[in-house]
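Every letter in the sequence shown is one number past the one before it in our numbering, and letter 52, counting from 1, is 57.
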Amino acid sequence: MPLCSRLPMKALAFIAFIAFAVSLGAHADTNADIETGRALFMQKGCYECHGVLGQGSASTGPALAPHPVPLSAMQAYVHDPKGEMPVYSKRILSDDEITRIHAYLASLPPNPPAESLALLNDGAAPTAQASVSPGHGSSIYAANCAACHGAGGEGGAGPALRGIASRYGTSDIEARIREPSGIMPRLYPHVLNDENVRDVARYVAQLR
């Protein structure tokens, strides 16, 4: 006779409750690790080279998300890196902290395919907004800004940019790109040149 058939219903209910509580606790721990990992990713300056969402850049650092290298490999590399990456000793960034950063990176969703972004899809029907995109600012925005601010400036990891022209002029937007504050990565002049900054600022200014 199966064991479950010999147990009283109250005992079965108690076992089920314990299993449910344990699963909730594990889920809460995972969420806490992800949030801690995100905070560490910003505090330790990882985002400056690898992007706020771990998307990376050809000129600053490789992509780390959404499929980071195995945890043990990441821990070993961070403590003994190659190339231009600075050394993070265990006193600066412990294995436990790297574990939480790894959890954050693993939690990030993949970037949408380029063909799903109207701004990059030449075959898409033109919209009023896309038709007035100044210069090639839209493609610069899609490649360098959309990951944080949204494909249409609706916001995400970074603030929404739609309607920003009602508060700031184009020159103000350019200045913010050149001298960012907070956790916004510095893209000028190594990633974006003066012409790029002007074009993307004009594009952002007409987002509605």
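Built from N, CA and C at the ideal position, the CB exists for glycine as well.
Please read all numbers here as calculations on a predicted model, not as lab measurements.
Just curious, the alpha helix (DSSP H) that residue i is in, first and last residue?
i: Gln60; result: Unbroken run through Gln60: none, as it is neither H nor E.
i: Ala142; result: Residue identity differs from the one stated: residue 142 is Gly in this sequence, not Ala. Where Gly142 is concerned, the enclosing alpha helix (DSSP H) stretches over 142 to 149.
i: His195; result: His195 -> no alpha helix (DSSP H), and no H or E assigned at all.
i: Arg207; result: 199 to 210
i: Leu110; result: 100 to 112
For residue i, collect the residues of the same chain with a Cβ closer than 7 Å to its Cβ; drop the 5 residues on either side in sequence, then sort them by chain order.
i: Pro185; result: Arg191
i: Met79; result: Pro73, Ile103, His107
i: Gly59; result: Ala68, Leu69, Ala70, Leu110, Leu113
i: Asn201; result: Ile145
i: Arg98; result: Residue identity check: residue 98 is Leu in the sequence provided, not Arg. So the list reads Lys49, Val83, once near-sequence residues are dropped.
Please name the residue in the options whose C-alpha comes closest to that of residue i.
i: Pro194; options: Gly187, Ser94, Ile182, Asp204; result: Ile182
i: Ala210; options: His55, Glu89, Ala170, Glu200; result: Ala170
i: Ala162; options: Ser143, Val57, Ser77, Arg207; result: Val57
i: Ala148; options: Pro86, Asp101, Ser64; result: Ser64
i: Glu89; options: Phe46, Pro75, Gly66; result: Gly66
i: Ser62; options: His154, Ala206, Cys150; result: Cys150
Rounded to whole angstroms, what is the Cα-Cα separation between residue i and residue j?
i: Glu179; j: Met189; result: 14 Å
i: Asp204; j: Glu159; result: 19 Å
i: Leu166; j: Tyr146; result: 11 Å
i: Arg96; j: Ile103; result: 12 Å
i: Pro73; j: Val196; result: 23 Å
i: Ser28; j: His141; result: Note that Ser28 has pLDDT 46, beneath the 50 cutoff, so the model's placement of it is unreliable and the number below is only indicative. So the alpha carbons of these two residues sit roughly 49 Å apart.
i: Gly50; j: Ala111; result: 18 Å
i: Pro164; j: Ala152; result: 11 Å
i: Ile39; j: Ser176; result: 37 Å
i: Val92; j: Arg213; result: 43 Å
i: Asn36; j: Ala44; result: 13 Å
i: Tyr52; j: Tyr173; result: 26 Å
i: Asp1; j: Pro75; result: Past the boundaries of the shown model lies residue 1; the chain is included only from 6 to 213, so the question cannot be answered.
i: Asp101; j: Ser94; result: 13 Å
i: Asp199; j: Lys87; result: 31 Å
i: Ala206; j: Gly168; result: 13 Å
For residue i, which residues in the same chain have their Cβ closer than 8 Å to its Cβ, ignoring the five residues on either side in sequence?
i: Pro114; result: Pro71
i: Met47; result: Val57, Ile188
Can you list, in chain order, the residues of its chain with a C-beta nearer than 6 Å to that of residue i? Leave out the 5 residues immediately preceding and following it.
i: Gly42; result: Arg105, Ile106, Ala108, Tyr109
i: Cys54; result: Thr65, Gly66
Uninterrupted alpha helix (DSSP H) stretches inside the region 35 to 97 (no shorter than 4 residues)
51 to 55, 76 to 84
Whole alpha helix (DSSP H) elements within the region 156 to 191, 4-residue minimum
175 to 183
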